[in-house]
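First the structure, in the form of structure tokens, and then the observations on it.
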Amino acid sequence: MADIFEEVDEELKEENFKKLWDRYGRYLVAAVVLIVAGTAANVGWRSYTTDRQETFGAQFYSAVDLAEQGKLTDAAAALAVLSEDADVGYAMLARFREAAIRRSSGETAVAVDIYDAIAADETVETLYRDLATLLSVMTQADNGDIAAMITRLTPLAEAGPWRHTAGEYLGLFALRQGDTTAARQHFQKIADDMVDAPLGARQRAAELLRTLDK
0 MADIFEEVDE
10 ELKEENFKKL
20 WDRYGRYLVA
30 AVVLIVAGTA
40 ANVGWRSYTT
50 DRQETFGAQF
60 YSAVDLAEQG
70 KLTDAAAALA
80 VLSEDADVGY
90 AMLARFREAA
100 IRRSSGETAV
110 AVDIYDAIAA
120 DETVETLYRD
130 LATLLSVMTQ
140 ADNGDIAAMI
150 TRLTPLAEAG
160 PWRHTAGEYL
170 GLFALRQGDT
180 TAARQHFQKI
190 ADDMVDAPLG
200 ARQRAAELLR
210 TLDK
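Numbering that gives the first Met the number 0 numbers the first residue of the sequence shown as 0 and each following residue consecutively.
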């Protein structure tokens, strides 16, 4: 008798499974297909992304190599293309490097335009936007509008990793304006920062302060 009950129970289970399969089977198949397809797509996307990163990296270092060979025009052109085609990371590196090459080859205005474009690009992290602002000012320090440059550097000198360099330039600009009081303040702030200020920056600030005291 027990065997009969077991057989009936198994038949009921099988019947219920058939009913469930008839009702939900196509959804189960679809779910499995989606899982498999999603896994394959994820693996494929990682592979694609890795390949692109390797391609961008190769293009970037190829351009750097051109610059080191003295082929500045070719290097700048290659970096300009890369800055348009690459992802955010390599695009930013390409823009900074192109600006540096333009600056070293005497194309100051072009370099400033690139730095200013980075500084205004809200997709770029603040750290690098501030660096672009600093480099823009440094590039045009000799002939730029002093008042405008001071305005741009002042926030950078208050805090952040670029504050010491920004402070140095603010001190130098103050000297050019004949404002020795402001210059002393900027240089003294750097010279007194024994914890965070780079040794070179402290030494330059101390030397300038001694010069002002003479």
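The C-beta atom is built at its ideal place from N, Cα and C for all residues, glycine as well.
Rounded separation between residue i and residue j - CA only
| i | j | result |
| --- | --- | --- |
| residue 170 | residue 53 | 43 Å |
| residue 59 | residue 185 | 38 Å |
| residue 113 | residue 70 | 20 Å |
| residue 201 | residue 178 | 20 Å |
| residue 205 | residue 158 | 20 Å |
| residue 163 | residue 91 | 24 Å |
| residue 88 | residue 64 | 19 Å |
| residue 108 | residue 143 | 11 Å |
| residue 68 | residue 106 | 18 Å |
| residue 120 | residue 203 | 33 Å |
CA nearest to the CA of residue i, picked from the options
| i | options | result |
| --- | --- | --- |
| residue 136 | 111, 177, 105 and 77 | 111 |
| residue 118 | 103, 107 and 94 | 94 |
| residue 102 | 92, 77 and 138 | 138 |
| residue 217 | 130, 167 and 176 | Outside the shown range of the chain, which is 0 to 213, sits residue 217, and nothing can be said about it. |
| residue 153 | 127, 181, 203 and 89 | 181 |
| residue 196 | 165, 212, 175 and 183 | 165 |
| residue 66 | 100, 175 and 109 | 100 |
| residue 141 | 194, 176 and 68 | 176 |
| residue 81 | 55, 116 and 203 | 55 |
Neighbourhood of residue i by C-beta distance below 7 Å, restricted to the same chain and skipping five residues each side
| i | result |
| --- | --- |
| residue 172 | 145, 148 and 149 |
| residue 161 | 129, 130, 133 and 155 |
| residue 183 | 208 and 211 |
| residue 174 | 182 |
| residue 194 | none |
Residue burial classification, residue i (beta-carbon count within 10 angstroms, cutoff 16)
| i | result |
| --- | --- |
| residue 97 | buried |
| residue 210 | exposed |
| residue 123 | buried |
| residue 57 | exposed |
| residue 126 | exposed |
| residue 198 | exposed |
Neighbourhood of residue i by C-beta, 6 Å cutoff - its chain only, sequence neighbours within 5 removed
| i | result |
| --- | --- |
| residue 62 | 74, 77 and 78 |
| residue 104 | 71 |
| residue 115 | 135 |
| residue 213 | none |
Contacts around residue i, its chain only, beta-carbon distance under 8 Å, and the 5 residues preceding and following it disregarded
| i | result |
| --- | --- |
| residue 28 | With a pLDDT of 47 at residue 28, under the threshold of 50, the predicted position of this residue should be treated as unreliable, though the coordinate-derived value follows. Closer than 8 Å at Cβ, skipping near neighbours: no residue. |
| residue 83 | 90 |
| residue 31 | The predicted position of residue 31 is uncertain, since its pLDDT is 45 and thus under 50; a value taken from the coordinates is nonetheless stated next. Excluding sequence neighbours, residue 31 sits near nothing in its chain. |
Is it the case that the stretch 132 to 149 contacts the stretch 183 to 197, given that we only count it when at least three CB pairs across the two stretches are under 8 Å? no
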